[in-house]
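Participant: This structure is in C-alpha coordinates; I'll ask about it shortly.
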Amino acid sequence: MQQLWHFIDGKRVSGTSDRKADIYNPATGEVQAQVPLANAADMDAAVQGAAKAQVAWGATNPQRRARVLMEFVRLLHRDMDKLAEALSREHGKTLPDAKGDVIRGLEVAEFCLGAPHLLKGEYTDGAGPGIDMYSMRQPLGVAAGITPFNFPAMIPMWKFCPAIAAGNAFILKPSERDPSVPLMLAELMQEAGLPDGILQVVNGDKEAVDAILDHEGISAVGFVGSTPIAAYIYERGCANGKRVQCFGGAKNHMIIMPDADMDQAADALIGAGFGAAGERCMAISVAVPVGEETADKLMAKLAPKVEALKIGPYTGGDDVDFGPLVTAEAKSRVGGLVESGVEAGAKLVVDGRGFSMQGYEDGFFFGACLFDHVTPDMDIYTQEIFGPVLVTVRAENYEDALKLAMDHEYGNGTAIFTRDGDAARDFANRINVGMVGINVPIPVPLAYHTFGGWKKSSFGDLNQHGPDAFRFYTKTKTVTARWPSGIKDGAEFSIPVMK
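Per the numbering used here, residue -12 is the first one in the sequence shown, and the count goes up by one each step.
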(Lines of atoms letter the chains of each structure in order from A and count residues from 1; the text may use other names and numbers.)
(Lines give C-alpha, C1' and ligand atoms only; values in the text may rest on other atoms or scores of the structure.)
Protein backbone atom coordinates (compact mmCIF):
# COMPACT_ATOMS: atom_id res chain seq x y z
CA MET A 1 0.00 0.00 0.00
CA GLN A 2 1.28 3.44 -0.92
CA GLN A 3 2.43 5.60 1.98
CA LEU A 4 2.16 9.33 1.39
CA TRP A 5 4.10 12.09 3.12
CA HIS A 6 4.29 15.73 4.12
CA PHE A 7 6.27 18.16 1.94
CA ILE A 8 8.40 20.33 4.21
CA ASP A 9 11.45 22.41 3.28
CA GLY A 10 11.50 20.93 -0.20
CA LYS A 11 11.56 17.31 0.96
CA ARG A 12 9.15 14.44 1.42
CA VAL A 13 9.01 13.67 5.13
CA SER A 14 7.01 11.24 7.25
CA GLY A 15 6.74 13.46 10.33
CA THR A 16 6.98 12.46 13.97
CA SER A 17 3.38 11.37 14.53
CA ASP A 18 2.45 7.70 14.25
CA ARG A 19 -1.16 8.46 13.32
CA LYS A 20 -2.32 7.82 9.74
CA ALA A 21 -5.53 8.11 7.73
CA ASP A 22 -6.75 5.74 5.04
CA ILE A 23 -7.32 7.09 1.54
CA TYR A 24 -10.06 5.29 -0.36
CA ASN A 25 -10.81 4.67 -3.99
CA PRO A 26 -14.43 5.87 -3.91
CA ALA A 27 -15.36 3.77 -6.93
CA THR A 28 -14.34 0.47 -5.34
CA GLY A 29 -14.47 1.26 -1.62
CA GLU A 30 -10.93 -0.07 -1.23
CA VAL A 31 -8.14 1.57 0.76
CA GLN A 32 -5.49 2.57 -1.78
CA ALA A 33 -3.04 4.60 0.33
CA GLN A 34 -2.34 6.06 3.74
CA VAL A 35 -1.34 9.59 4.70
CA PRO A 36 0.43 10.69 7.90
CA LEU A 37 -1.49 12.97 10.24
CA ALA A 38 0.69 15.73 11.64
CA ASN A 39 0.98 16.67 15.29
CA ALA A 40 1.87 20.08 16.74
CA ALA A 41 5.60 19.35 16.50
CA ASP A 42 5.33 18.59 12.78
CA MET A 43 3.40 21.81 12.23
CA ASP A 44 5.94 23.80 14.23
CA ALA A 45 8.80 22.43 12.12
CA ALA A 46 6.95 23.48 8.96
CA VAL A 47 6.23 26.97 10.28
CA GLN A 48 9.81 27.48 11.46
CA GLY A 49 11.15 26.47 8.06
CA ALA A 50 8.63 28.69 6.28
CA ALA A 51 9.43 31.71 8.43
CA LYS A 52 13.13 31.31 7.76
CA ALA A 53 12.67 31.01 4.00
CA GLN A 54 10.15 33.86 3.77
CA VAL A 55 12.66 36.58 4.63
CA ALA A 56 14.56 36.22 1.36
CA TRP A 57 11.42 35.44 -0.66
CA GLY A 58 9.66 38.55 0.62
CA ALA A 59 12.69 40.62 -0.39
CA THR A 60 12.64 39.16 -3.91
CA ASN A 61 11.13 41.61 -6.38
CA PRO A 62 7.55 40.74 -7.40
CA GLN A 63 8.43 40.28 -11.07
CA ARG A 64 10.83 37.46 -10.23
CA ARG A 65 8.25 35.90 -7.94
CA ALA A 66 5.73 36.05 -10.79
CA ARG A 67 8.14 34.25 -13.10
CA VAL A 68 8.02 31.23 -10.79
CA LEU A 69 4.25 31.14 -11.19
CA MET A 70 4.63 31.55 -14.94
CA GLU A 71 6.74 28.40 -15.05
CA PHE A 72 4.29 26.69 -12.67
CA VAL A 73 1.47 27.34 -15.15
CA ARG A 74 3.52 25.72 -17.91
CA LEU A 75 4.16 22.67 -15.74
CA LEU A 76 0.45 22.38 -14.91
CA HIS A 77 -0.33 22.17 -18.62
CA ARG A 78 2.43 19.60 -19.07
CA ASP A 79 1.15 17.37 -16.26
CA MET A 80 -2.58 17.99 -16.74
CA ASP A 81 -3.49 14.36 -17.47
CA LYS A 82 -1.39 13.06 -14.60
CA LEU A 83 -2.93 15.51 -12.13
CA ALA A 84 -6.48 14.78 -13.32
CA GLU A 85 -6.01 11.02 -13.02
CA ALA A 86 -4.62 11.29 -9.49
CA LEU A 87 -7.46 13.63 -8.51
CA SER A 88 -10.16 11.34 -9.92
CA ARG A 89 -8.65 8.26 -8.32
CA GLU A 90 -8.94 9.74 -4.82
CA HIS A 91 -12.00 11.99 -5.17
CA GLY A 92 -14.11 10.02 -7.63
CA LYS A 93 -15.07 12.84 -10.02
CA THR A 94 -14.90 12.29 -13.77
CA LEU A 95 -11.70 13.03 -15.67
CA PRO A 96 -13.14 16.04 -17.56
CA ASP A 97 -14.38 17.45 -14.24
CA ALA A 98 -10.98 16.79 -12.64
CA LYS A 99 -9.27 18.70 -15.45
CA GLY A 100 -11.70 21.56 -14.84
CA ASP A 101 -10.67 21.50 -11.17
CA VAL A 102 -7.03 21.96 -12.17
CA ILE A 103 -7.77 24.59 -14.82
CA ARG A 104 -9.82 26.79 -12.47
CA GLY A 105 -6.83 26.82 -10.11
CA LEU A 106 -4.43 27.42 -12.99
CA GLU A 107 -6.44 30.51 -13.99
CA VAL A 108 -5.79 32.04 -10.57
CA ALA A 109 -2.08 31.32 -11.00
CA GLU A 110 -2.27 33.17 -14.33
CA PHE A 111 -3.98 36.13 -12.65
CA CYS A 112 -1.19 36.23 -10.07
CA LEU A 113 1.33 36.85 -12.84
CA GLY A 114 0.10 40.44 -12.51
CA ALA A 115 1.37 40.67 -8.93
CA PRO A 116 3.86 43.48 -9.77
CA HIS A 117 0.91 45.66 -10.75
CA LEU A 118 -1.41 44.49 -7.97
CA LEU A 119 1.21 45.19 -5.31
CA LYS A 120 1.89 48.76 -6.38
CA GLY A 121 1.29 51.25 -3.62
CA GLU A 122 0.14 54.88 -3.71
CA TYR A 123 2.19 58.06 -3.87
CA THR A 124 1.41 61.71 -3.20
CA ASP A 125 3.99 64.29 -4.23
CA GLY A 126 3.87 67.49 -2.21
CA ALA A 127 1.44 66.38 0.48
CA GLY A 128 2.75 69.35 2.47
CA PRO A 129 5.72 71.74 2.35
CA GLY A 130 8.60 69.49 1.32
CA ILE A 131 6.58 66.41 2.31
CA ASP A 132 5.93 63.31 0.23
CA MET A 133 3.63 60.49 1.29
CA TYR A 134 3.50 56.94 -0.03
CA SER A 135 2.07 53.55 0.91
CA MET A 136 3.48 50.07 0.39
CA ARG A 137 1.89 46.63 0.37
CA GLN A 138 4.12 44.22 2.24
CA PRO A 139 3.73 40.47 2.90
CA LEU A 140 2.32 39.23 6.18
CA GLY A 141 5.01 36.56 6.67
CA VAL A 142 3.63 33.03 6.96
CA ALA A 143 0.04 32.33 5.91
CA ALA A 144 -1.88 29.05 6.02
CA GLY A 145 -4.73 27.44 4.10
CA ILE A 146 -7.07 24.65 5.21
CA THR A 147 -8.74 23.26 2.09
CA PRO A 148 -11.59 20.79 1.43
CA PHE A 149 -11.83 17.45 -0.34
CA ASN A 150 -14.17 18.53 -3.14
CA PHE A 151 -11.66 20.68 -5.06
CA PRO A 152 -8.20 19.31 -4.15
CA ALA A 153 -6.45 21.25 -6.94
CA MET A 154 -8.45 24.43 -7.42
CA ILE A 155 -8.88 25.69 -3.87
CA PRO A 156 -5.28 25.07 -2.75
CA MET A 157 -4.15 27.12 -5.76
CA TRP A 158 -6.72 29.82 -4.94
CA LYS A 159 -4.97 30.10 -1.59
CA PHE A 160 -1.26 29.64 -2.14
CA CYS A 161 -0.80 31.35 -5.53
CA PRO A 162 -1.73 34.89 -4.42
CA ALA A 163 -0.15 34.40 -1.00
CA ILE A 164 3.18 33.37 -2.50
CA ALA A 165 3.03 35.96 -5.29
CA ALA A 166 2.61 38.60 -2.58
CA GLY A 167 5.84 37.47 -0.90
CA ASN A 168 4.53 35.20 1.84
CA ALA A 169 5.44 31.65 2.74
CA PHE A 170 2.47 29.29 2.88
CA ILE A 171 1.41 26.28 4.97
CA LEU A 172 -1.16 24.15 3.14
CA LYS A 173 -3.26 21.68 5.14
CA PRO A 174 -5.26 19.84 2.47
CA SER A 175 -8.06 17.37 3.07
CA GLU A 176 -6.75 14.06 4.34
CA ARG A 177 -9.26 12.31 2.04
CA ASP A 178 -7.49 13.23 -1.22
CA PRO A 179 -4.05 14.75 -0.53
CA SER A 180 -2.06 13.45 -3.52
CA VAL A 181 -2.75 16.36 -5.87
CA PRO A 182 -1.80 19.06 -3.31
CA LEU A 183 1.48 17.20 -2.75
CA MET A 184 2.04 17.06 -6.52
CA LEU A 185 1.34 20.79 -6.81
CA ALA A 186 3.98 21.56 -4.18
CA GLU A 187 6.59 19.56 -6.08
CA LEU A 188 5.65 21.33 -9.32
CA MET A 189 6.13 24.69 -7.58
CA GLN A 190 9.55 23.54 -6.47
CA GLU A 191 10.37 22.45 -10.03
CA ALA A 192 9.22 25.88 -11.21
CA GLY A 193 11.89 27.50 -9.06
CA LEU A 194 10.18 28.18 -5.75
CA PRO A 195 12.72 28.15 -2.91
CA ASP A 196 12.48 25.38 -0.32
CA GLY A 197 10.21 26.20 2.60
CA ILE A 198 7.96 28.70 0.83
CA LEU A 199 5.21 26.14 0.18
CA GLN A 200 4.84 23.51 2.91
CA VAL A 201 2.19 20.80 2.70
CA VAL A 202 1.31 19.39 6.09
CA ASN A 203 -1.33 16.66 6.12
CA GLY A 204 -3.55 16.19 9.14
CA ASP A 205 -6.90 16.37 10.86
CA LYS A 206 -8.23 18.56 13.69
CA GLU A 207 -4.94 18.34 15.60
CA ALA A 208 -3.12 19.93 12.66
CA VAL A 209 -5.86 22.54 12.23
CA ASP A 210 -5.64 23.56 15.89
CA ALA A 211 -1.86 23.75 15.60
CA ILE A 212 -2.28 26.22 12.74
CA LEU A 213 -4.81 28.31 14.64
CA ASP A 214 -2.69 28.48 17.78
CA HIS A 215 0.76 28.97 16.24
CA GLU A 216 2.15 32.45 16.82
CA GLY A 217 4.25 32.23 13.67
CA ILE A 218 1.20 32.12 11.36
CA SER A 219 -0.28 35.52 10.55
CA ALA A 220 -3.26 34.62 8.35
CA VAL A 221 -5.52 31.63 7.78
CA GLY A 222 -7.90 30.82 4.94
CA PHE A 223 -10.47 28.02 5.06
CA VAL A 224 -13.10 26.43 2.82
CA GLY A 225 -15.50 23.80 4.15
CA SER A 226 -18.67 23.44 6.20
CA THR A 227 -20.20 26.37 8.09
CA PRO A 228 -19.81 24.94 11.63
CA ILE A 229 -16.09 24.37 11.06
CA ALA A 230 -15.76 27.75 9.31
CA ALA A 231 -17.25 29.45 12.36
CA TYR A 232 -14.90 27.51 14.68
CA ILE A 233 -11.80 28.40 12.68
CA TYR A 234 -12.82 32.03 12.31
CA GLU A 235 -13.49 32.49 16.02
CA ARG A 236 -10.38 30.67 17.25
CA GLY A 237 -8.10 32.22 14.65
CA CYS A 238 -9.34 35.75 15.33
CA ALA A 239 -9.06 35.18 19.08
CA ASN A 240 -5.39 34.38 18.49
CA GLY A 241 -4.85 37.64 16.60
CA LYS A 242 -4.76 36.23 13.08
CA ARG A 243 -6.27 37.58 9.91
CA VAL A 244 -8.90 34.97 8.96
CA GLN A 245 -11.21 34.34 6.00
CA CYS A 246 -13.53 31.32 6.03
CA PHE A 247 -16.01 30.10 3.45
CA GLY A 248 -18.72 27.72 4.60
CA GLY A 249 -21.80 25.88 3.39
CA ALA A 250 -24.36 26.70 0.74
CA LYS A 251 -27.91 26.06 -0.38
CA ASN A 252 -28.02 27.63 -3.81
CA HIS A 253 -31.43 28.47 -5.27
CA MET A 254 -32.24 28.75 -8.97
CA ILE A 255 -35.43 30.66 -9.72
CA ILE A 256 -37.21 29.71 -12.94
CA MET A 257 -39.58 32.41 -14.18
CA PRO A 258 -42.64 31.58 -16.33
CA ASP A 259 -41.00 33.17 -19.40
CA ALA A 260 -37.79 31.12 -19.11
CA ASP A 261 -36.70 28.68 -21.80
CA MET A 262 -37.64 25.42 -20.05
CA ASP A 263 -35.21 23.28 -22.04
CA GLN A 264 -32.37 25.63 -21.19
CA ALA A 265 -33.39 25.79 -17.54
CA ALA A 266 -33.70 22.00 -17.25
CA ASP A 267 -30.28 21.43 -18.83
CA ALA A 268 -28.76 24.03 -16.51
CA LEU A 269 -30.27 22.33 -13.46
CA ILE A 270 -28.99 18.93 -14.52
CA GLY A 271 -25.40 20.11 -14.89
CA ALA A 272 -25.40 22.42 -11.87
CA GLY A 273 -27.27 20.05 -9.58
CA PHE A 274 -25.67 16.70 -10.37
CA GLY A 275 -22.16 17.49 -11.65
CA ALA A 276 -19.44 16.12 -9.34
CA ALA A 277 -22.24 14.15 -7.62
CA GLY A 278 -23.45 17.42 -6.11
CA GLU A 279 -20.27 17.78 -4.04
CA ARG A 280 -19.80 21.46 -4.90
CA CYS A 281 -20.39 24.50 -2.76
CA MET A 282 -21.78 26.22 -5.86
CA ALA A 283 -24.08 23.36 -6.88
CA ILE A 284 -27.70 24.31 -7.49
CA SER A 285 -29.55 22.23 -4.93
CA VAL A 286 -32.93 24.05 -4.93
CA ALA A 287 -35.07 24.68 -8.01
CA VAL A 288 -37.73 27.34 -7.49
CA PRO A 289 -40.24 27.42 -10.37
CA VAL A 290 -42.61 30.38 -10.22
CA GLY A 291 -46.22 29.32 -10.68
CA GLU A 292 -47.82 25.87 -10.86
CA GLU A 293 -47.78 25.79 -14.66
CA THR A 294 -44.06 26.60 -14.71
CA ALA A 295 -43.40 23.92 -12.10
CA ASP A 296 -45.32 21.25 -14.02
CA LYS A 297 -43.52 22.09 -17.26
CA LEU A 298 -40.14 22.05 -15.50
CA MET A 299 -40.73 18.70 -13.81
CA ALA A 300 -41.84 17.16 -17.10
CA LYS A 301 -38.51 18.24 -18.61
CA LEU A 302 -36.37 17.37 -15.60
CA ALA A 303 -37.53 13.88 -14.64
CA PRO A 304 -36.44 12.03 -17.82
CA LYS A 305 -33.13 13.90 -17.86
CA VAL A 306 -32.38 12.89 -14.25
CA GLU A 307 -33.34 9.28 -14.97
CA ALA A 308 -30.99 9.24 -17.97
CA LEU A 309 -27.89 10.41 -16.08
CA LYS A 310 -24.95 8.02 -16.49
CA ILE A 311 -23.17 7.18 -13.24
CA GLY A 312 -19.85 5.38 -13.11
CA PRO A 313 -16.15 5.39 -12.19
CA TYR A 314 -13.79 7.90 -13.74
CA THR A 315 -12.41 5.09 -15.89
CA GLY A 316 -15.86 4.62 -17.47
CA GLY A 317 -15.31 7.13 -20.27
CA ASP A 318 -15.97 10.79 -20.96
CA ASP A 319 -19.72 10.21 -21.23
CA VAL A 320 -20.02 9.45 -17.51
CA ASP A 321 -21.99 12.29 -15.93
CA PHE A 322 -20.86 11.84 -12.34
CA GLY A 323 -19.08 9.39 -10.12
CA PRO A 324 -19.28 8.19 -6.51
CA LEU A 325 -19.40 10.23 -3.34
CA VAL A 326 -16.09 10.65 -1.56
CA THR A 327 -16.63 8.32 1.44
CA ALA A 328 -19.04 5.74 2.81
CA GLU A 329 -19.98 8.26 5.52
CA ALA A 330 -20.97 10.80 2.87
CA LYS A 331 -23.12 8.19 1.12
CA SER A 332 -24.83 7.30 4.40
CA ARG A 333 -25.52 10.95 5.22
CA VAL A 334 -27.03 11.68 1.81
CA GLY A 335 -29.18 8.56 2.07
CA GLY A 336 -30.41 9.62 5.49
CA LEU A 337 -31.43 13.06 4.23
CA VAL A 338 -33.27 11.59 1.23
CA GLU A 339 -35.13 9.26 3.60
CA SER A 340 -36.04 12.22 5.81
CA GLY A 341 -37.50 14.01 2.80
CA VAL A 342 -39.72 11.08 1.96
CA GLU A 343 -40.86 10.79 5.57
CA ALA A 344 -41.62 14.53 5.69
CA GLY A 345 -43.99 14.19 2.75
CA ALA A 346 -41.98 15.48 -0.21
CA LYS A 347 -42.59 13.72 -3.53
CA LEU A 348 -39.56 11.72 -4.65
CA VAL A 349 -40.01 11.92 -8.42
CA VAL A 350 -36.76 10.13 -9.23
CA ASP A 351 -35.45 7.72 -6.59
CA GLY A 352 -31.76 6.87 -6.90
CA ARG A 353 -31.38 5.17 -3.54
CA GLY A 354 -31.24 1.68 -4.98
CA PHE A 355 -28.49 2.39 -7.50
CA SER A 356 -25.84 -0.31 -7.75
CA MET A 357 -23.17 -0.81 -10.39
CA GLN A 358 -21.99 -4.24 -11.41
CA GLY A 359 -18.38 -4.75 -10.43
CA TYR A 360 -18.45 -1.71 -8.13
CA GLU A 361 -20.92 -2.85 -5.51
CA ASP A 362 -18.65 -1.69 -2.67
CA GLY A 363 -18.15 1.78 -4.16
CA PHE A 364 -19.70 4.91 -2.71
CA PHE A 365 -22.16 5.48 -5.56
CA PHE A 366 -25.51 7.12 -4.94
CA GLY A 367 -28.13 7.48 -7.65
CA ALA A 368 -29.59 10.81 -8.73
CA CYS A 369 -32.68 11.93 -6.79
CA LEU A 370 -35.27 14.54 -7.73
CA PHE A 371 -37.77 15.89 -5.21
CA ASP A 372 -40.92 17.93 -5.83
CA HIS A 373 -43.33 19.66 -3.45
CA VAL A 374 -40.60 20.34 -0.89
CA THR A 375 -41.41 22.85 1.85
CA PRO A 376 -39.00 25.21 3.65
CA ASP A 377 -39.36 23.38 6.99
CA MET A 378 -37.93 20.10 5.66
CA ASP A 379 -34.36 19.02 6.39
CA ILE A 380 -33.70 18.44 2.70
CA TYR A 381 -34.35 22.16 2.21
CA THR A 382 -32.65 23.64 5.24
CA GLN A 383 -29.49 21.48 5.19
CA GLU A 384 -26.70 21.30 2.64
CA ILE A 385 -27.02 17.77 1.26
CA PHE A 386 -23.76 17.70 -0.73
CA GLY A 387 -24.94 14.86 -2.92
CA PRO A 388 -26.78 14.17 -6.21
CA VAL A 389 -30.12 15.44 -4.92
CA LEU A 390 -32.16 18.29 -6.40
CA VAL A 391 -35.15 19.58 -4.43
CA THR A 392 -37.97 21.62 -5.91
CA VAL A 393 -39.87 24.25 -3.94
CA ARG A 394 -42.84 25.72 -5.82
CA ALA A 395 -43.38 29.46 -5.45
CA GLU A 396 -46.66 31.22 -6.20
CA ASN A 397 -45.00 34.35 -7.55
CA TYR A 398 -41.68 36.14 -8.03
CA GLU A 399 -41.74 37.80 -4.61
CA ASP A 400 -42.25 34.45 -2.85
CA ALA A 401 -39.39 32.93 -4.84
CA LEU A 402 -37.11 35.83 -3.97
CA LYS A 403 -38.05 35.56 -0.31
CA LEU A 404 -37.10 31.87 -0.20
CA ALA A 405 -33.52 32.58 -1.24
CA MET A 406 -33.26 35.69 0.92
CA ASP A 407 -34.56 34.00 4.07
CA HIS A 408 -32.23 30.99 3.88
CA GLU A 409 -29.26 31.12 6.25
CA TYR A 410 -26.79 30.47 3.43
CA GLY A 411 -25.93 33.01 0.77
CA ASN A 412 -23.20 31.57 -1.42
CA GLY A 413 -24.63 31.54 -4.95
CA THR A 414 -27.97 31.89 -6.71
CA ALA A 415 -29.40 32.17 -10.21
CA ILE A 416 -32.48 33.33 -12.08
CA PHE A 417 -33.59 32.07 -15.49
CA THR A 418 -35.77 34.56 -17.34
CA ARG A 419 -36.13 36.54 -20.56
CA ASP A 420 -37.27 39.61 -18.63
CA GLY A 421 -34.42 42.07 -18.16
CA ASP A 422 -36.32 44.05 -15.56
CA ALA A 423 -36.90 40.96 -13.41
CA ALA A 424 -33.25 39.94 -13.75
CA ARG A 425 -32.04 43.39 -12.81
CA ASP A 426 -34.36 43.55 -9.79
CA PHE A 427 -33.19 40.10 -8.68
CA ALA A 428 -29.50 40.97 -8.98
CA ASN A 429 -29.93 44.17 -6.97
CA ARG A 430 -32.16 42.87 -4.16
CA ILE A 431 -30.88 39.36 -3.49
CA ASN A 432 -28.68 39.02 -0.38
CA VAL A 433 -26.35 36.44 -1.90
CA GLY A 434 -22.70 36.90 -2.82
CA MET A 435 -22.61 35.45 -6.36
CA VAL A 436 -25.52 35.82 -8.76
CA GLY A 437 -26.17 34.20 -12.12
CA ILE A 438 -28.57 35.54 -14.73
CA ASN A 439 -29.30 32.61 -17.05
CA VAL A 440 -26.03 31.19 -15.69
CA PRO A 441 -26.55 28.33 -13.22
CA ILE A 442 -23.14 28.27 -11.51
CA PRO A 443 -21.95 31.90 -11.29
CA VAL A 444 -18.37 31.25 -10.18
CA PRO A 445 -16.45 34.46 -10.97
CA LEU A 446 -13.40 34.33 -13.18
CA ALA A 447 -9.99 34.67 -11.55
CA TYR A 448 -9.77 38.45 -11.92
CA HIS A 449 -12.97 38.96 -9.92
CA THR A 450 -13.44 37.73 -6.35
CA PHE A 451 -15.28 34.68 -5.03
CA GLY A 452 -17.29 34.80 -1.83
CA GLY A 453 -20.72 34.35 -0.31
CA TRP A 454 -22.85 36.24 2.19
CA LYS A 455 -24.62 35.35 5.44
CA LYS A 456 -23.45 32.04 6.96
CA SER A 457 -21.58 31.11 3.81
CA SER A 458 -18.72 33.48 4.58
CA PHE A 459 -16.78 34.72 7.61
CA GLY A 460 -14.40 37.65 7.18
CA ASP A 461 -14.20 40.88 5.23
CA LEU A 462 -12.38 39.85 2.05
CA ASN A 463 -13.10 37.28 -0.66
CA GLN A 464 -10.96 34.68 -2.41
CA HIS A 465 -8.84 35.34 -5.51
CA GLY A 466 -9.03 38.48 -7.60
CA PRO A 467 -7.84 41.79 -6.10
CA ASP A 468 -9.19 40.85 -2.65
CA ALA A 469 -6.62 38.05 -2.38
CA PHE A 470 -3.73 40.51 -2.57
CA ARG A 471 -5.41 42.72 0.01
CA PHE A 472 -5.84 39.74 2.32
CA TYR A 473 -2.26 38.49 2.02
CA THR A 474 -0.58 41.89 2.46
CA LYS A 475 -0.54 44.70 5.00
CA THR A 476 -0.30 48.37 4.17
CA LYS A 477 2.47 50.60 5.43
CA THR A 478 2.24 54.37 4.89
CA VAL A 479 5.38 56.52 4.92
CA THR A 480 5.49 60.28 5.37
CA ALA A 481 8.85 61.71 4.30
CA ARG A 482 10.22 65.22 4.63
CA TRP A 483 13.55 66.43 3.37
CA PRO A 484 14.01 69.92 4.94
CA SER A 485 15.81 72.67 3.11
CA GLY A 486 17.24 75.81 4.61
CA ILE A 487 17.27 76.58 8.35
CA LYS A 488 15.87 73.83 10.58
CA ASP A 489 12.62 74.74 12.31
CA GLY A 490 12.13 74.25 15.99
CA ALA A 491 9.99 71.54 17.56
CA GLU A 492 6.23 71.45 17.07
CA PHE A 493 3.93 70.35 19.89
CA SER A 494 0.53 70.40 18.21
CA ILE A 495 -0.83 67.75 15.86
CA PRO A 496 0.36 68.43 12.29
CA VAL A 497 -2.24 69.88 9.94
CA MET A 498 -2.08 70.97 6.32
CA LYS A 499 -1.15 74.63 6.03
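Built from N, CA and C at the ideal position, the CB exists for glycine as well.
Given the structure is predicted, the values throughout are model-derived calculations rather than measurements.
When the Cβ atoms of the stretch 202 to 212 are set against those of the stretch 411 to 423, are three or more pairs found closer than 8 Å?
Facilitator: No, the stretch 202 to 212 does not touch the stretch 411 to 423.
Participant: To the nearest angstrom, how far is the alpha carbon of His64 from that of Phe261?
Facilitator: About 27 Å.
Participant: Excluding five sequence neighbours on each side, which residues of the same chain lie with their C-beta closer than 8 Å to the C-beta of Ala96?
Facilitator: The answer, listed in chain order, is Leu56, Phe59, Val60, Leu63, Met144 and Cys148.
Participant: In chain order, what residues of the same chain have a beta carbon less than 7 Å from the beta carbon of Asp283, not counting five sequence neighbours either side?
Facilitator: Around Asp283: no qualifying Cβ.
Participant: Going by DSSP in three states, Ile493 sits in which element: helix, strand or coil?
Facilitator: The structure shown does not extend to residue 493, since the chain spans only -12 to 486, so no value can be given for it.
Participant: With distances taken Cα to Cα, identify the nearest neighbour of Pro215 among Glu371, Ala388 and Val0.
Facilitator: Comparing Cα-Cα distances from Pro215 to each of Glu371, Ala388 and Val0, the minimum goes to Glu371.
Participant: Tell me the residue span of the alpha helix (DSSP H) that contains Ser272.
Facilitator: Careful: Ser272 lies outside any alpha helix (DSSP H), inside the beta strand (DSSP E) at Ile271 to Pro276.
Participant: Ends of the alpha helix (DSSP H) at Val325?
Facilitator: Note, Val325: alpha helix (DSSP H), Ala315 to Ala331.
Participant: Pull up the distance between the alpha-carbon of Ala195 and that of Gly117, whole angstroms please.
Facilitator: Rounded to whole angstroms, Ala195 to Gly117 spans 52 Å at the Cα level.
Participant: Take Gly354 and list the residues in its own chain whose beta-carbon comes closer than 6 Å to its own, dropping the five residues that flank it on each side.
Facilitator: Closer than 6 Å at Cβ, skipping near neighbours: Gly339 and Phe342.
Participant: Indicate whether Val208 and Val188 have their beta-carbon atoms separated by less than 8 Å.
Facilitator: No, these two residues do not count as a Cβ contact at 8 Å.
Participant: Tell me whether the beta-carbon of Gly235 lies closer than 8 Å to the beta-carbon of Gly212.
Facilitator: Yes, the Cβ-Cβ distance between Gly235 and Gly212 is below 8 Å.
Participant: Is it buried or exposed, Gln41, if we count other Cβ atoms within 10 angstroms and call 16 or more buried?
Facilitator: Buried, by the Cβ-count rule.
Participant: Rounded to the nearest angstrom, what separates Ala247 and Asp349 at their Cα positions?
Facilitator: Straight-line Cα distance between these residues: approximately 41 Å.
Participant: Hey, out of Val376, Ile142 and Gly346, whose CA is closest to Gly328's CA?
Facilitator: The shortest Cα separation from Gly328 among Val376, Ile142 and Gly346 belongs to Val376.
Participant: What residue range is occupied by the uninterrupted alpha helix (DSSP H) comprising Leu175?
Facilitator: It spans Ser167 to Glu178 - the alpha helix (DSSP H) in which Leu175 sits, taken as one unbroken run.
Participant: Do you know how far the Cα of Ile403 is from the Cα of Val293?
Facilitator: Each residue's alpha carbon lies about 21 Å from the other.
Participant: List in chain order: all unbroken alpha helix (DSSP H) runs of 4+ residues lying wholly within the stretch 326 to 387.
Facilitator: Counting only runs of 4 or more, we get 366 to 369.
Participant: When you compare each of Lys(-2), Lys464, Ser472 and Phe480 to Met120 by their alpha carbons, which one comes out closest?
Facilitator: If we check each option's Cα against that of Met120, Lys464 comes out closest.
Participant: How long is the line joining the alpha carbons of Glu176 and Pro23, rounded to whole angstroms?
Facilitator: Residue 176 is actually Met in this sequence, not Glu. Approximately 22 Å between the Cα atoms of the pair.
Participant: Compare the C-alpha of Leu170 against each of His436, Asp407, Val0 and Leu106 and name the closest.
Facilitator: Residue Val0 is the option with its Cα nearest to Leu170.
Participant: In chain order, what residues of the same chain have a beta carbon less than 7 Å from the beta carbon of Asp9, not counting five sequence neighbours either side?
Facilitator: So the list reads Val18 and Gln21, once near-sequence residues are dropped.
Participant: For the candidate residues Ala150, Ala53, Met67 and Asp84, whose alpha-carbon lies nearest to that of Pro103?
Facilitator: Comparing Cα-Cα distances from Pro103 to each of Ala150, Ala53, Met67 and Asp84, the minimum goes to Ala53.
Participant: For Ser206 versus Ala153, is the C-beta spacing smaller than 8 Å?
Facilitator: No, the pair does not count as a contact, with Cβ atoms beyond the cut-off.
Participant: Per DSSP, what are the beta-bridge partners of Gly535 in this structure?
Facilitator: The structure shown has nothing for residue 535, since the chain only spans -12 to 486.
Participant: Starting from the Cα of Asp305, find the closest Cα among Thr467, Thr3, Lys80 and Trp44 and give me that residue.
Facilitator: It is Lys80 whose Cα lies nearest to the Cα of Asp305.
Participant: Can you give, in chain order, each stretch of the alpha helix (DSSP H) that sits fully within the stretch 247 to 305 and has at least 4 residues?
Facilitator: DSSP runs (the alpha helix (DSSP H)) wholly in the stretch 247 to 305: 249 to 261 and 279 to 294.
Participant: Does the pairing of the stretch 329 to 336 with the stretch 298 to 318 give three or more beta-carbon distances under 8 Å?
Facilitator: The stretch 329 to 336, when compared against the stretch 298 to 318, does not touch it at the 8 Å Cβ threshold.
Participant: Between the stretch 316 to 326 and the stretch 270 to 278, do at least 3 Cβ pairs fall closer than 8 Å?
Facilitator: Counting Cβ pairs under 8 Å, fewer than three are found: no touch.
Participant: Output the distance between the C-alpha atoms of Ile90 and Met286, rounded to the nearest integer angstrom.
Facilitator: Between Ile90 and Met286, the C-alpha separation is close to 33 Å.
Participant: In its own chain, which residues sit with a C-beta less than 7 Å from the C-beta of Phe136, not counting the 5 before and 5 after it?
Facilitator: Here the set comprises His78, Ser162, Arg164, Asp165 and Val313.
Participant: Hey, Gly(-3) and Asp29 are a contact pair by Cβ (cut 8 Å); roughly how many whole angstroms apart?
Facilitator: With 8 Å as the limit, Gly(-3) and Asp29 do not qualify as a contact, their Cβ atoms being about 16 Å apart.
Participant: Take Ala468 and list the residues in its own chain whose beta-carbon comes closer than 6 Å to its own, dropping the five residues that flank it on each side.
Facilitator: Correct list, in chain order: Asp119.
Participant: Near Met269, what residues of its chain come up, given a Cβ to Cβ distance below 6 Å and the 5 sequence neighbours on each side ignored?
Facilitator: Here the set comprises Gly400, Ile429 and Val431.
Participant: Could you pull the start and end residues of the beta strand (DSSP E) that Lys462 belongs to?
Facilitator: Looking at the DSSP string, the run of the beta strand (DSSP E) that includes Lys462 is Thr461 to Arg469.
Participant: Measuring alpha carbon to alpha carbon, tell me which of Gly346, Ala331, Gly374 and Gly424 ends up nearest Asp359.
Facilitator: Here the closest residue by C-alpha is Ala331.
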